[in-house]
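Asks: This is the structure I want to talk about, given as structure tokens.
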Amino acid sequence: MSALTGPINNCRKKSDLEAIALVLEIDSTGTMKVLIPHIITHLDKHPELAENIKFQGLFSYRPDSTPAEKKMKRSSDKVAEDEIEANVAVGKPTGANKTLLDLKVTTDPPPQFGRLGTTGTAVRGGPVTPDRDMGDDSSPAGLPDLGNGSDSDHIAVPSEKEMGVTVATSLSEALKHLKGTDISSGVKPNTTVPFVVNFFDHTDPTKPAEEIWLEDGFTATSSKGQMTASLSLLLPNVIQNASPIKEHGGRLYRPGQAADSSHIAIATPAVPVTQAEPLAVKAKPLEVARDMKETKARIKNNVIASPPVDDEFIAYLHEYFNLEDISWPWAESVTSILDWYLKVEAVFQSLKEKGWAKGSRGGFCVPADHPRYATQAFVRNDMYNALQLPSSKAHGDAKLFSPESLLSAPKAAAWVLDPKGEYQEFFSRMTPAKFKRYLEDCKEDAKHDSTKKRKKQIAHPDDSGEEAGGHKLKKGKGKAKPQVDSDSLDGSDDILHPQFQSNNTSRMAASVKDLTLILELFFPAALSLLSTLYILATIISVYPLLLLHKSQQREPRQPRNTAWFKSLVAIIALGFQAATHPELALFVNNDLDIPPEQQLARNIGQDLEAIYEFLGIDDNFHSDPIHELFPQSVRLLDRDLVWIEADLFVAHCPVCCSDYYPDKITFACEGKHLQKLEYDTNYLRVSKHRIWMHRKVALAQEKVLHWFHAGWSNFAGWLNDTIKEKPAITN
9 MSALTGPINN CRKKSDLEAI ALVLEIDSTG TMKVLIPHII THLDKHPELA ENIKFQGLFS
69 YRPDSTPAEK KMKRSSDKVA EDEIEANVAV GKPTGANKTL LDLKVTTDPP PQFGRLGTTG
129 TAVRGGPVTP DRDMGDDSSP AGLPDLGNGS DSDHIAVPSE KEMGVTVATS LSEALKHLKG
189 TDISSGVKPN TTVPFVVNFF DHTDPTKPAE EIWLEDGFTA TSSKGQMTAS LSLLLPNVIQ
249 NASPIKEHGG RLYRPGQAAD SSHIAIATPA VPVTQAEPLA VKAKPLEVAR DMKETKARIK
309 NNVIASPPVD DEFIAYLHEY FNLEDISWPW AESVTSILDW YLKVEAVFQS LKEKGWAKGS
369 RGGFCVPADH PRYATQAFVR NDMYNALQLP SSKAHGDAKL FSPESLLSAP KAAAWVLDPK
429 GEYQEFFSRM TPAKFKRYLE DCKEDAKHDS TKKRKKQIAH PDDSGEEAGG HKLKKGKGKA
489 KPQVDSDSLD GSDDILHPQF QSNNTSRMAA SVKDLTLILE LFFPAALSLL STLYILATII
549 SVYPLLLLHK SQQREPRQPR NTAWFKSLVA IIALGFQAAT HPELALFVNN DLDIPPEQQL
609 ARNIGQDLEA IYEFLGIDDN FHSDPIHELF PQSVRLLDRD LVWIEADLFV AHCPVCCSDY
669 YPDKITFACE GKHLQKLEYD TNYLRVSKHR IWMHRKVALA QEKVLHWFHA GWSNFAGWLN
729 DTIKEKPAIT N
């Protein structure tokens, strides 16, 4: 029972508290404020219930009622512990302890601190006081007498030529650098003083010296100021503070930071990093590259890459989609390839239905709530591996049945939609090679038909001086021009060359054969005739948008696809969307991750001018527009300052195509619209919201505003001068 576990507090449900009270055989009535202390009191009075496994869940969350008391040690307890420690046998010394005992060092050495960088002041420990028990009072603590020590233990710091080590020139200079205060020149012999040892790298003269601070040096004489140190103290300091291993492997660790940037090398200079200017303000690539090379700076990569696809994930896909039954034998007919193609497309369609597709980015991604492979990204080739299908074979099959290949073969497209339909017997006997040749032949036939319908009639002179069509050519130096009459316009398949056409002549309307060719080239076979005619009517209705697009393209510095053209393609796509067929996706390229209606609309938009030409819709095949000018009603402020409704008269000149308004003339000049204002018009338009005024009223209004903005006194003076009445309106 889950109610018999957990603490008894206000976080519990009332139903759980009532159930606990019933099991404990106490009163279960009342509110939560009554039940909680009632249950806690009962558990305190009956601690034997904790031995029952049934009620142990209620006692495990309760704090101990008897807090632990810390026992204080007395002096007698400490004496007893010291006696026990004294009786413990002392082990044989080894390692550093043995070395210190051999040197008769009875106290611990002072703490050693090294510098983190080449700048700043180091923290140093104090000098060690002499130990009186060591024997000689003149010897410092931890060091034997200078005269009695061996050469291996005590050495004078050699010169720079011997081992590349230099020492401060004088004791006063060293102490002045160390403490910052002047000292007296007289120093007692064998006195413990701190000093600095510099190590130089002879392989790199430009490299700064490594400074080693020693706290336990002493002087041999007071006159020369020579300082000596023990190798047992010098070498550990060198290894700890000036070792190449420490320089490359030493790090400063920041608690709580797990990134690589939180571990900074000890010897890394910090100044050049801050000298680089931000790239967003002023980019200096050469300086930034030099600073990054000197400081060995690394840019933190915040992009979390998707884990690579491994064999375990491929095996999981193979098992998840039940792909064990799919086999890929050698294809002897194109029917087998079609079966494989449909199976593969069914798998990808199931991925899209499950929501694994990335959308416009392409590829696939496992949802974030997946328990094992959350946010795992993969592509089509990974699915081919899960299907145990070679990627080259899969791409070849997809290209064989692509919409571009089936566009010129309507029978093959219908067979792909219905493999067991009327074309089953025709294509089932074909091998893959024959099917490829069939598609190529259909494509060549479509090109031949389109070029044959659009061929041009060009005259070729012969020896008799007449054309093959019976047109007599004129003699002269230039090219002969044929005589065009009504007999030349009989054939619907032949049109005149553009240079022989005039503005009054128009080519014949398109034939039914042209319409059939357009339907076969640009419309999938899966669409019904009603949907096809609806889309065709949509294409015809947007022809003015194409004219606006071409007019804008003639202007300088215009894009290839203007806003008019994009709107035109969007309208055609809406027409395809209204007539969406469930199997329309087989006629487009699914790898582009673009809806089928948009792909079909783009294909039509690329050849839109040719489609209009095939349909007989062009600039040379239109009727003269009928211009009918209707009166325009506007609001007019008359000279009597009365608002009236007036008809705005607009005159049109058919010769120069100019429009006459009361205050301006708009006429066309070399493809541009120019405006010429009348200087003595009676009415003026004073607002873009179709407000007209009499010219005198408009000028009076402008004068009023001008004087009013100049000041009240100026406005009052103008008003008195205008009205000219006595007494004046304003004083």
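With positions in the sequence shown counted from 1, the corresponding number in our numbering is that position plus 8.
Backbone N, C-alpha and C fix where the C-beta goes; we use that ideal spot for every residue, glycine too.
Specify the secondary structure class of Phe434 as computed by DSSP and reduced to three states.
Replies: helix
Asks: For Ile543, is the classification buried or exposed, using 16 other Cβ atoms within 10 angstroms of its Cβ as the cut-off for buried?
Replies: Counting every other CB atom within 10 Å of its CB across the protein chains shown gives Ile543 a total of 16 or more, marking it as buried.
Asks: Counting Cβ pairs closer than 8 Å, one from the segment 569-585 and one from the segment 598-617, do we hit at least three?
Replies: yes
Asks: Hey, how far is the Cα of Tyr381 from the Cα of Pro440?
Replies: 39 Å
Asks: Could you compute how far the alpha carbon of Gly624 sits from the alpha carbon of Ala618?
Replies: 10 Å
Asks: For a test of the three-state rule: what should DSSP assign to Ile652, helix, strand or coil?
Replies: strand
Asks: Counting Cβ pairs, one atom from each stretch, are 3 or more of them under 8 Å apart for the segment 440-454 and the segment 400-415?
Replies: With a cut-off of 8 Å, the segment 400-415 and the segment 440-454 count as touching, because enough Cβ pairs lie within range.
Asks: From the DSSP output, which residues share a beta bridge with Phe203?
Replies: In the DSSP output, where bridge partners are listed per residue, Phe203 has Leu222.
Asks: Locate the alpha helix (DSSP H) running through Leu713, then write down its first and last residues.
Replies: Start and end: 703-718.
Asks: Does Glu89 pass the burial test, meaning 16 or more other C-beta atoms within 10 Å, or should it be called exposed?
Replies: Glu89 is classed as exposed because its beta carbon has fewer than 16 other beta carbons within 10 Å across all chains shown.
Asks: Determine the burial state of Thr2: buried for a count of at least 16 other Cβ atoms within 10 Å of its Cβ, exposed for fewer.
Replies: The structure shown does not extend to residue 2, since the chain is modelled only from 9 to 739, so the question has no answer here.
Asks: In chain order, which continuous runs of the alpha helix (DSSP H) of length 4 or greater are located wholly inside the segment 36-115?
Replies: Secondary structure in the segment 36-115: the alpha helix (DSSP H) runs of 4 residues or longer, each lying completely within the stretch, are 40-53, 64-67, 83-95, 103-110 in chain order.
Asks: Relative to the C-alpha of Glu397, which candidate in Gly371, His326, Gln357 has its C-alpha closest?
Replies: Sequence check: residue 397 is Leu here, not Glu. Leu397 has its Cα closest to that of His326, out of Gly371, His326, Gln357.
Asks: Any contact between the segment 697-711 and the segment 646-653? By contact I mean 3 or more CB pairs, one from each, below 8 Å.
Replies: Under the Cβ criterion (8 Å, minimum of three pairs), the segment 697-711 counts as touching the segment 646-653.
Asks: Sort out for me which residues DSSP pairs Leu645 with in a bridge.
Replies: Trp651, Met701
Asks: Using CA coordinates, which residue listed in Leu616, Pro216, Ala354, Ala27 is at the minimum distance from Ser549?
Replies: Leu616
Asks: From which residue to which residue does the beta strand (DSSP E) around Arg610 run?
Replies: Where Arg610 is concerned, there is no enclosing beta strand (DSSP E), although the alpha helix (DSSP H) around it starts and stops at 604-614.
Asks: Which stretch, first to last residue, makes up the alpha helix (DSSP H) that contains Phe675?
Replies: From DSSP, Phe675 is part of no alpha helix (DSSP H) but of the beta strand (DSSP E) over 672-677.
Asks: Let me confirm a value: Arg445 is counted as buried when at least 16 other C-beta atoms fall within 10 Å, else exposed. Which label applies?
Replies: exposed
Asks: Could you tell me the distance, in whole angstroms, from the CA atom of Glu219 to the CA atom of Phe208?
Replies: 9 Å
Asks: For Cys450, which residues from the same chain have a beta carbon less than 6 Å from its beta carbon, with the 5 sequence-adjacent residues on both sides left out?
Replies: Ser416, Ala417
Asks: Check Gln683 in the structure and name its three-state DSSP category.
Replies: strand
Asks: Beta carbon of Ile44, beta carbon of Ile16: below 9 Å?
Replies: yes
Asks: Taking DSSP as the reference, what is the three-state secondary structure of Arg568?
Replies: coil
Asks: Classify Thr540 as helix, strand or coil using the three-state DSSP reduction.
Replies: Thr540: helix per DSSP, three-state reduction.
Asks: How many angstroms separate the CA atom of Leu57 from the CA atom of Gly14?
Replies: 15 Å
Asks: Any idea what DSSP makes of Ser416, helix, strand or coil?
Replies: coil
Asks: Please say whether Asn393 and Ser399 have beta carbons closer to each other than 9 Å?
Replies: yes
Asks: May I ask you to list the residues that DSSP assigns as paired with Tyr691?
Replies: His702, per the DSSP bridge assignment.
Asks: Rounded to the nearest angstrom, what separates Lys308 and Val374 at their Cα positions?
Replies: Any reading at Lys308 must be qualified, since the residue scores a pLDDT of 48, below 50, and its modelled position is unreliable; no value is offered.
Asks: Please go through the same chain and pick out, in chain order, the residues whose beta-carbon is closer than 8 Å to the beta-carbon of Ser231, but skip the five residues on each side of it.
Replies: The predicted model places Ser231 with a pLDDT of 48, which falls under 50 and marks its position as unreliable; any figure quoted below should be read in that light. Close CB contacts of Ser231 within its chain, under the 8 Å cut and outside five residues either way in sequence, are absent.
Asks: With DSSP run on the structure shown, which of helix, strand or coil describes Ser341?
Replies: Three-state DSSP puts Ser341 in coil, outside helix and strand.
Asks: Is it right to say Pro567 is buried, meaning 16 or more other beta carbons lie within 10 angstroms of its own, or is it exposed?
Replies: exposed
Asks: Would DSSP call Thr236 helix, strand or coil?
Replies: In this structure, Thr236 counts as strand in the three-state DSSP scheme.
Asks: Report yes if the C-beta distance between Leu408 and Phe443 is below 9 Å; otherwise report no.
Replies: yes
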